[in-house]
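Just add 30 to wherever you are in the sequence shown, counting from 1, and you've got this note's numbering. Don't be surprised by glycine CBs; every beta carbon is placed ideally from N, CA and C. A quick note: this is a predicted structure, and the numbers were derived from the prediction, not measured.
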Amino acid sequence: MSTDNSVSIIGCGISGIFAALQLKKSGIENIQLYDKSRGLGGRLATRRSNDGKFDHGIQYIKLDTVADLPEIKSLIRNNILKETKISNLFVGNDGMTSIAKFLAKNLNISKEFKLIHIDSDLNSMVMNFENGQRIHTNSIVLSSPVKQSIEILEKSNINIDSLKLADINQLEYFPAIIIMVQSEVSIDLENEFIQEYATGNFSSITDNFKKSISKKENFYTLVCSHDFSNENFENDYESINSRLKNELDLIFNRKYKILSNHKWRYSTPKNFYTLDSSINIGLDRFVGMCGDIFTNGKFDGAIRSGISVASKLLAK
């Protein structure tokens, strides 16, 4: 592709960020990222409350296949990413969102830009955003959850590969409900800062103080199980918290308060796209798609998918 062409990346999760970094390293200068939220990082998410802090998305990461990437080495060298006492298990030193912020510090990002649909134009595509902005671009990378990207594509007036669309329509995600608790007492967890469960209404409990995320003690993130999250996702938080009360009372000896809740409609993949680690679904112009659902559903897989879609675009 020509280095003068404009590239728009929808979604500022780790996959979209690495797609942008790969393109930038290859000499592409006109790169703009857009995210519908006020922050960036996707499920690399950290929240403040009552002078404490919670990671309320991904709780830890494993580097596995990406440990040798220069960007990962830079994160470790700059003390943004730190290894825990559990081998090959890493966390963001100031919360998981700090990883995304550090990587994206030299990228152009527009926040609170929700893409609604894409139109074809003579020599480009036109992105139509919820805030009324219409922006021209030569190429697009959709790095948001596949279900959100499909919704955009189905409303769009561009030529796309119907067979690939049918394939990605089969992809599904588990939802996740997150509970953020301040306890009056410290609880013992199986590992250094986290305990994971195979059964029950919670899949994990994380101590954000022992994880060195919160400066205040006894700030816990509880991730609800796939089954509980799926059954209760459309319920309001009051109803959800009420259903969890007995379990929470038992865990925290009734000495706690729920400070916040969060819902991830598209949390972890139920199934995966197995034909490639990213795709170009556009026929006339490049409309790439990437994300962890194209690989292994994990941090390193999201990175590899972002690099993959960038390579496809560079080869155009």
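CA-CA distance, lysine 135 and aspartate 85?
-> 20 angstroms
Output the distance between the C-alpha atoms of leucine 172 and glutamate 184, rounded to the nearest integer angstrom.
-> 13 angstroms
From which residue to which residue does the beta strand (DSSP E) around glycine 336 run?
-> From DSSP, glycine 336 is part of no beta strand (DSSP E) but of the alpha helix (DSSP H) over 329 to 344.
Give the secondary structure of valine 215 by DSSP, where H, G and I count as helix, E and B as strand, and everything else as coil.
-> coil
Can you check whether the CB of phenylalanine 249 is closer than 9 angstroms to the CB of methionine 210?
-> yes
C-beta neighbour in chain D for leucine 74, strict 9 angstroms | Annotation note: the requested chain D is absent from the structure, which comprises a single protein chain.
Out of Glu222, Phe302, Ser140, which has the shortest C-alpha to C-alpha gap to lysine 177?
-> Phe302
Identify the residues that DSSP records as bridge partners of alanine 206: which are they?
-> Trp294
Length of the line joining the Cα atoms of alanine 196 and glycine 327 | 20 angstroms
Secondary structure at glutamate 306, three-state DSSP: helix, strand or coil?
-> With the sequence shown as reference, residue 306 is identified as aspartate, and glutamate is not the correct amino acid for it. If DSSP states are grouped into helix, strand and coil, aspartate 306 belongs with coil.
For leucine 313, the nearest candidate out of Ala228, Lys342, Asn189 (CA to CA) | Asn189
Cα-Cα separation, alanine 75 to valine 339 = 24 angstroms
Where does isoleucine 61 land, buried or exposed, given buried means 16+ other C-beta within 10 angstroms?
-> buried
So who's on the other strand from asparagine 123, going by DSSP bridges?
-> Gly125
CB-CB length for leucine 343 against valine 37, believed under 8 angstroms | 7 angstroms
How about aspartate 149 and asparagine 158: do their beta carbons lie closer than 9 angstroms?
-> yes
Residue burial classification, aspartate 237 (beta-carbon count within 10 angstroms, cutoff 16) = buried
C-alpha gap between isoleucine 337 and threonine 325, whole angstroms = 12 angstroms
Which word fits isoleucine 146, buried or exposed, when buried means at least 16 other C-beta atoms lie within 10 angstroms of its C-beta?
-> exposed
Just how far apart, CA to CA, sit isoleucine 129 and leucine 111?
-> 7 angstroms
Considering only C-alpha positions, which residue in the set Cys320, Lys300, Pro299, Phe204 is nearest to aspartate 306?
-> Cys320
Cα-Cα separation between arginine 284 and serine 216, rounded to whole angstroms | 12 angstroms
Taking only the alpha-carbon atoms, compute the straight-line gap between leucine 133 and isoleucine 288 and give it to the nearest angstrom.
-> 32 angstroms
Compare the beta carbon distance of glutamine 89 and serine 341 with 9 angstroms and say whether it is the shorter of the two.
-> no
Three-state class that DSSP yields for histidine 147 in the structure shown | strand
So what does DSSP say about arginine 164, is it helix, strand or coil?
-> strand
In terms of residue numbering, what span does the beta strand (DSSP E) encompassing tyrosine 64 cover?
-> 61 to 65
So which of Arg68, Ile106, Ala49 has the shortest CA-CA distance to glutamate 59?
-> Ala49
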